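Enquirer: Just so you know, we're using this note's numbering here: the sequence shown kicks off at 3 and counts up by one.
Here a beta-carbon is modelled for each residue, glycine too, at the ideal position from N, C-alpha and C.
Here the structure is a predicted model, which means the values were calculated and not measured.
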Amino acid sequence: MSPKPEIALRLASRLKAERTAKGLSLDALAKLSGVSRSMLSQIERGESSPTVASLWNLTRALNVDFAELLDAPEGEKGPILDVVRAEHTPVIHNKSAKCLIRILSAPDDVGGTEIYDIHFEDGACLDSSAHKTGCVEAITVLEGALEIISNGISENAKIGDTIRYVADQDHAIRAPMKARAILIVKNA
């Protein structure tokens, strides 16, 4: 048995949503559209595909555009939004800081919430100038240990620790040994 086509499932879902949003029962929509109640029920369950004539009558009865029942609503997305395979993840190899930075956030997130997976070599130091006013960073150590310095204040973090700190001042992340961390940058 083959799976139901996506368009049939979308039509079923949208038709039922439109009917219930308008407060119509299956019987009421059947009377308004001229499509039998049993056929409407089958269409809404995705068990039957309507003819063009039936679909036309349903759109007129519901006062919706034909395309509205077939297209996904604006802004509606499937459960998987994006897949970036490891070999396509953008990487910055900062040799002077002795770290490799994998950019995990989507390109649209630049300037908003940015996420990085950072691999530090022994003795790495990632110095940063002040970011925009209100910027905050949160770093979680996955391997090794790190020292976080913000505005001259230092804090050590070991595996599992998370440190949140202001990043609108000069700050640094130091690794006395090999380490790995997830860094989230939240711009105001």
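(1) Do the region 158 to 175 and the region 128 to 148 make contact, defined as three or more Cβ pairs closer than 8 Å?
(2) Residue 188 to residue 119, Cα distance in whole Å?
(3) Based on Cα-Cα distance, which residue from 156, 123, 177, 13 lies nearest to residue 61?
(4) Smallest Cα separation from residue 154: which of 160, 175, 15, 147?
(5) Please state whether the Cβ-Cβ distance between residue 130 and residue 95 is less than 8 Å.
(6) Helix, strand or coil: which one does DSSP assign to residue 160?
(7) Between residue 48 and the rest of its own chain, which residues show a CB-CB distance below 7 Å, the 5 nearest in sequence each way excluded?
(8) What separation, rounded to the nearest whole angstrom, lies between the Cα atoms of residue 56 and residue 82?
(9) Is it buried or exposed, residue 152, if we count other Cβ atoms within 10 angstroms and call 16 or more buried?
(10) Mapping the DSSP letters down to three states, classify residue 169 as helix, strand or coil.
(11) When the distance is taken between beta carbons, is residue 127 closer than 8 Å to residue 147?
(12) Near residue 64, which residues of its chain fall below 6 Å by C-beta distance, leaving aside the five closest residues on each side in sequence?
(13) Considering only residues of the same chain and omitting the five flanking positions on each side of residue 36, which have a CB-CB separation below 6 Å?
(14) Assuming residue 102 and residue 112 make a contact with CB atoms under 8 Å, what is their CB distance in whole Å?
(15) With residue 26 as the anchor, note down where its beta strand (DSSP E) starts and where it stops.
(16) Is DSSP giving residue 54 helix, strand or coil here?
Expert: So, to answer that:
(1) yes
(2) 15 Å
(3) 13
(4) 175
(5) no
(6) strand
(7) 6, 10, 11, 14
(8) 33 Å
(9) buried
(10) coil
(11) no
(12) 20
(13) 59
(14) Residue 102 to residue 112, Cβ: 19 Å. No contact.
(15) Unbroken run through residue 26: none, as it is neither H nor E.
(16) helix
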